[in-house]
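The structure appears right after this line, and notes come after that.
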Amino acid sequence: MIPKELIDLMRDLNLFPAVVCSSDEKGSLHAAFVTWLYPLDERTLRLGLSAEGTTAWNLTVNPKGVLTLFAPGLALSCYFEARRVKSTIEGLPFPVSVFELSVYRVENALFPGTTVVGIIPFARTGDPVKNAQLDALVLEELKRRD
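Heads up: the sequence shown is residues 5 to 150, going by our numbering.
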């Protein structure tokens, strides 16, 4: 399943950029860039999503999806089934839901003769102090094992 080295990297970075793909009840596809992601183990990930966003809606009506993780030397497509484990995290300025992703298959997504040379660079916009507080609250909830 998800390699231990990648799990350790994801835990060390706290915010880990990835792409999640979902579909609605009619099969219409949707892809989204996400960073609130935490591995509980090699087969289980927690994902924080805007509760009112397309991805959260899609995973509610069709729990199957694909999460693609990028790290040095890796691009892994993780096929999963999702379930919402928390509707709304208290104390946030907007509604965020927590989904648990049960990974049932992992595939190498690299094109032959290519590699990934680093973590996807990204930057948060807005107030850095408020962003750090928001991230800390979401990550605390993602790490919780109820």
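Yeah, the Cβ is synthetic: ideal placement off N, Cα and C, and Gly gets one too.
The structure presented is a predicted model; accordingly, all values stated were derived computationally and were not measured.
Residue i versus residue j - alpha carbon distance
i	j	result
L41	E29	24 Å
V142	Y83	23 Å
S91	P99	8 Å
V120	R87	30 Å
T118	S27	28 Å
L114	S81	9 Å
P116	L10	21 Å
N66	R50	17 Å
T64	E104	12 Å
Counted within 10 angstroms of its Cβ, other Cβ atoms place residue i as buried (16 or more) or exposed
i	result
N62	buried
V133	exposed
T59	buried
A75	buried
G69	buried
L17	exposed
F126	exposed
Close-in-space but distant-in-sequence residues of the same chain around residue i (CB under 8 Å, 5 per side omitted)
i	result
E94	none
R149	L44
A79	T72, L73, N112, A113, L114, V120
Beta-carbon proximity list for residue i, same chain, < 6 Å, skipping 5 on both sides
i	result
V38	A22, V24
Start-to-end residues for the alpha helix (DSSP H) that takes in residue i
i	result
K134	132 to 147
V121	Here V121 belongs to no alpha helix (DSSP H), and DSSP marks it neither H nor E.
E9	8 to 17
Residue i, enclosing beta strand (DSSP E) - first and last residue
i	result
R1	This structure does not reach residue 1, given that the chain is present from 5 up to 150, and the question cannot be answered.
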